[in-house]
Amino acid sequence: QVERCSDQRVKQSAVVLPDEARVTKFIEQIEQRMIEPPVLIVVDTLSRCYGDFSERDPDDMAKFVRQVDRIAKRTGATVLIIHHLGWEYANRSNSGADQKGKTSRPRGPRKLVADLGTVIAVQHGRTEGEEGGSSRGGGI
């Protein structure tokens, strides 16, 4: 259900994006209930909108990317996908590379990164003088 909230609309439950029928229903709700087309649609987070599909399966990721493209084309909106870095990359230094020279990328198949227009990595790091705990990886 898409709800009205000032000049924004907020969907309170996740749309399983690799599922074509559910995406069709979501697009229809947008077209029927919005006076003006959306400018930005935020997928928060990829894992919440993935359902029972496998995030590691390249075929499932291809379905996800196709449906995101479909939403963007039908609505004219930019689709922002919030996702998380893989564990092996989450504790890298602020320079963007760990000791082995690996650069950060989101977890899952490389297809996700290959098919996206822009990837922005955000990392929560320790502040000067902070002790204990480990740095957490941010989303993209």
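If you read the sequence shown in the working numbering, its first letter stands for residue 1, the second for the next number, and so on.
Glycine is no exception: its CB is placed at the ideal position from the N, C-alpha and C atoms.
request  = Would you mind working out which of M61, R22, K11 sits nearest A114, comparing C-alpha positions?
outcome  = Along the sequence shown, one-based indexing puts residue 114 at 114. Closest by C-alpha distance to A114, out of M61, R22, K11, is M61.
query = Run through DSSP, which three-state label would T118 get?
reply = Translated into positions along the sequence shown, residue 118 becomes position 118. Correct three-state label for T118: coil.
query = Taking just the CA atoms, how far does G76 sit from R66?
reply = Here residue 66 refers to the residue found at position 66 when the sequence shown is read from its first residue. Here residue 76 refers to the residue found at position 76 when the sequence shown is read from its first residue. Their backbone Cα atoms lie some 15 Å apart in a straight line.
ask   = Among T118, V119, V23, A121, which residue has its Cα nearest to the Cα of V68?
value = To locate residue 68, count along the sequence shown from 1; it is residue 68. For V68, the nearest C-alpha among the options comes from V23.
request  = Would you identify the three-state DSSP class for I82, choosing helix, strand or coil?
outcome  = For this step, residue 82 is matched to residue 82 along the sequence shown. Here DSSP, grouped into helix, strand and coil, assigns I82 to strand.
message = Check for me: the alpha helix (DSSP H) holding D59 runs from which residue to which?
response = For this step, residue 59 is matched to residue 59 along the sequence shown. Under the DSSP assignment, D59 falls in the alpha helix (DSSP H) whose first and last residues are 58-75.
ask   = For the alpha helix (DSSP H) that V23 lies in, which residues bound it at each end?
value = Counted from its first residue, the sequence shown places residue 23 at position 23. Segment 20-33, the alpha helix (DSSP H) holding V23.
query = For the beta strand (DSSP E) that L46 lies in, which residues bound it at each end?
reply = Taking the sequence shown and counting its residues from 1, one reaches residue 46 at position 46. Counting along the chain, L46 sits inside no beta strand (DSSP E), nor does DSSP assign it H or E at all.
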